[in-house]
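These protein sequence lines are chains A and B, in that order.
Residues in the first sequence are numbered consecutively from 0, following numbering that gives the first Met the number 0.
Residues in the second sequence are numbered consecutively from 0, following numbering that gives the first Met the number 0.
Ideal placement from N, C-alpha and C gives every residue a C-beta, glycine not left out.
Bear in mind that the values here come from a model prediction, so they are computed numbers and not experimental data.
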Amino acid sequence: MSFADRFVLSSDQFTPSSPGQTFGDYRLVIDFAGGPYGFDGLSATQVDRIRTRFQDLCHDDASQQAEVNTLLYRAPNRSFPDFDLNGWEYTLNFEYKNTSVGIAGLKFFAYFDLCRNNQSYLWTSTEDDEYFTGVFENYFRVVVAYRLLACGGVLLHSAGVIDKGSAYLFFGPSNAGKTTVSRLSQSSGRSVLSDDINALLAGPAQGVVAEKMPFAGELGQTATPSGAYPVRGLFRLHQGPHNAVRDMRPSESIAALVACAPYVNADPARQDRLFENLEHLSAIAPVRHLTFSLDQPFWPMFASED
Amino acid sequence: MISPSTIYKPRKDVRYRIVSDEAVVVRQQSTEVIVLNEVAARILQLLDAHTTLSELIHALEAEFDIDPPQLEHDVMGFIKELLEAGVIIPTVPSALENGDVL
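Right, dumping it as C-alpha cells:
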C-alpha cells in the first residue's frame with residue numbers, strides 16, 4: 000500500500016534517482032512571497048499555459064536563482080487511473096517524512112525534497128489538456144505553503160483586504176464568509192489581495208506583513224498590486240446578526256490559525272515549526288474574532304482604531 | 000469504563016503545544032484543532048509521559064489546590080472528554096485502533 004494508491008497505479012515508477020524524461024528544455028521562474036520558484040523541464044506549451052495563468056509574476060530571466068526548484072517529468076497517461084469526478088470532493092494525498100513530502104493528486108505525483116536545496120520533482124501526464132493548469136496549481140500551492148513555513152510565515156486560508164495601505168486578514172474555513180467579506184470590502188472602495196488564501200510573514204521592523212498570492216477563490220484574481228502590506232488586523236470570521244469584535248486568548252489564536260494553515264497543519268514533522276511561526280506572528284499581530292452581519296457595514300468598527 | 004490503573008496516551012496523529020498554560024491540540028488526520036484549559040493541558044502532558052491515572056491524580060494533587068475527591072472526579076471527566084474527542088487512547092491491546100502501536 001502506498002499513500003498515492005488512490006491517484007497512481009504504481010508510485011514505484013516515480014523516483015528522483017531515475018526520474019525519466021522531461022517535457023522539454025524550457026525553464027520558467029515565478030516570483031512572489033517565499034520565492035522565486037523555478038520550474039525546469041517544461042515544454043513550450045506548458046510555458047505558455049503557466050505564463051497565461053501567472054502573467055506578470057513570470058520572469059523572463061530564466062537564469063535567475065530560485066528558492067525552490069521543480070523538475071517536471073513526463074509520465075505515461077496509463078500511470079494515472081481515470082476518475083468519475085461527479086459528486087467527488089478532491090483532496091490531495093500526502094506522505095510526510097522528516098526530510099521530504101510526497102504529494103499525489105489527479106494526474107500527478109510529486110516528491111518535494113526539503114533538504115537538498117528544496118529540489119522538487121513533479122511527474123504528470125498532462126501538457127496541453129485541461130488538466131495541466133490544475134495539476135500545476137494544485138502542486139504549486141503545496142510548495143508555497145512549505146516554503147512560507149520555512150520563511151517563518153504561513154499560507155493562510157483568508158480574505159486579504161487593503162485599507163489605507165494596511166492589510167486586514169479575515170480567516171476561517173470554507174463558508175466562513177471570506178468571499179462575502181471580500182465583496183463587501185470591494186463595494187466600499189477597498190482592494191482585495193485574495194478572497195481565498197494569503198501569505199502571512201514576519202516583516203521588517205519586527206512587524207507582520209501580508210502578501211498577495213496568485214491563488215484566488217470565487218472572486219478570481221484581483222488587480223491589487225503585489226507587495227508586502229503591514230498587517231493591522233487578523234480576524235477569525237463568523238457570520239451573525241450583529242457586528243462585533245472580540246479578543247482571543249493566545250491559545251485560541253494559535254488554534255484558529257493552525258486550523259486555517261492548509262497542507263502543513265497535517266504534517267507531523269512540521270507541526271512544531273508551524274506552532275513556532277504562529278506564536279511569533281500572533282504575538283505581534285493580535286488575533287480577534289469578527290462577527291459580521293450582512294445588514295450592517297463592519298468597516299466603521301475599525302475606524303476608531305486608526 | 001475508565002480504570003485508574005490504565006495508562007492512556009495521545010493518539011499517534013495528535014500534536015500539541017502549551018500556550019499560556021493551555022494546550023492547543025491538533026488531530027492531524029482530520030486537522031481538527033481544540034484548546035484544553037490549564038488542568039486538561041497538564042493531564043495531557045502527564046499522559047504523554049506514560050503516567051497511570053492513579054499517578055496522574057497524585058501529581059495533580061501536589062500541583063493544584065483542588066479537593067482530592069473533586070480532582071479525581073474532574074480528571075475522570077477530562078479523560079472521558081479526551082477519549083471522546085479522539086485525542087487519547089488506552090494502551091490496552093484490545094482497545095487499540097488500527098495503526099496505533101504500544
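Check                                                                                                                    : Outcome
Element boundaries [alpha helix (DSSP H), containing residue 271 of chain A]                                             : 270-283
DSSP three-state assignment for residue 92 of chain A, whether helix, strand or coil                                     : strand
CB of residue 86 of chain B within 9 Å of CB of residue 250 of chain A, strictly                                         : no
Contact set between residue 83 of chain B and chain A, taken where Cβ atoms lie within less than 9 Å                     : Result: empty, since nearest Cβ-Cβ is about 18 Å, beyond 9 Å.
Exposed unless 16 or more other CB atoms sit within 10 angstroms - verdict on residue 210 of chain A                     : buried
Residues that residue 30 of chain B contacts on chain A, provided the C-beta gap is smaller than 7 Å                     : 258, 264, 265
Anticipated Cβ contact below 8 Å, residue 103 of chain A with residue 120 of chain A, distance rounded                   : 13 Å between Cβ atoms; not a contact.
The region 22-40 of chain B contacting the region 279-298 of chain A, beta-carbon criterion three pairs below 8 Å        : no
Rounded separation between residue 50 of chain B and residue 144 of chain A - CA only                                    : 37 Å
Best match in A:236, A:220, A:303, A:235 for proximity to residue 56 of chain A [C-alpha to C-alpha]                     : A:220
Reduced DSSP secondary structure (H/G/I, E/B, other) of residue 46 of chain A                                            : helix
Bounding residues of the beta strand (DSSP E) (the contiguous stretch that carries residue 8 of chain B)                 : 7-9
Simplified DSSP state of residue 64 of chain A, which is helix, strand or coil                                           : coil
Burial state of residue 29 of chain A, where buried means 16 or more other Cβ atoms lie within 10 Å                      : buried
C-beta atoms of residue 194 of chain A and residue 207 of chain A nearer than 9 Å                                        : no
Residue 223 of chain A in three-state terms, based on DSSP                                                               : coil
Cβ-based burial, residue 252 of chain A [other Cβ within 10 Å; buried from 16]                                           : buried
Buried or exposed by the 16-neighbour rule on C-beta atoms within 10 Å, applied to residue 1 of chain B                  : exposed
Inside the region 171-214 of chain A only - beta strand (DSSP E) runs reaching at least 3 residues                       : 196-201, 207-210
Same chain, Cβ closer than 7 Å to residue 107 of chain A, five either side skipped, listed in chain order                : 121, 122, 123, 134, 138
Any 3 or more C-beta pairs closer than 8 Å across the region 34-43 of chain A and the region 149-160 of chain A          : no
Counted within 10 angstroms of its Cβ, other Cβ atoms place residue 157 of chain A as buried (16 or more) or exposed     : buried
Residue of A:288, A:118, A:216 minimising C-alpha distance to residue 192 of chain A                                     : A:216
Under the three-state DSSP convention, the category residue 2 of chain B falls into                                      : coil
Chain B contact for residue 222 of chain A (CB, 9 Å cutoff)                                                              : no
Distance, residue 86 of chain A Cα to residue 275 of chain A Cα                                                          : 38 Å
Distance between beta carbons of residue 176 of chain A and residue 238 of chain A, contact taken as under 8 Å           : 5 Å
Endpoints, beta strand (DSSP E) assigned at residue 88 of chain B                                                        : 87-89
DSSP three-state assignment for residue 308 of chain A, whether helix, strand or coil                                    : A query on residue 308 of chain A cannot be resolved here, the shown segment of chain A reaching from 0 to 305 and no further.
Amino acids of chain A, ordered along the chain, whose beta-carbon sits closer than 9 Å to that of residue 62 of chain B : What residue 62 of chain B touches in chain A: nothing, since even the nearest Cβ is about 19 Å away.
Bridge partners - residue 245 of chain A, DSSP secondary structure assignment                                            : A:288
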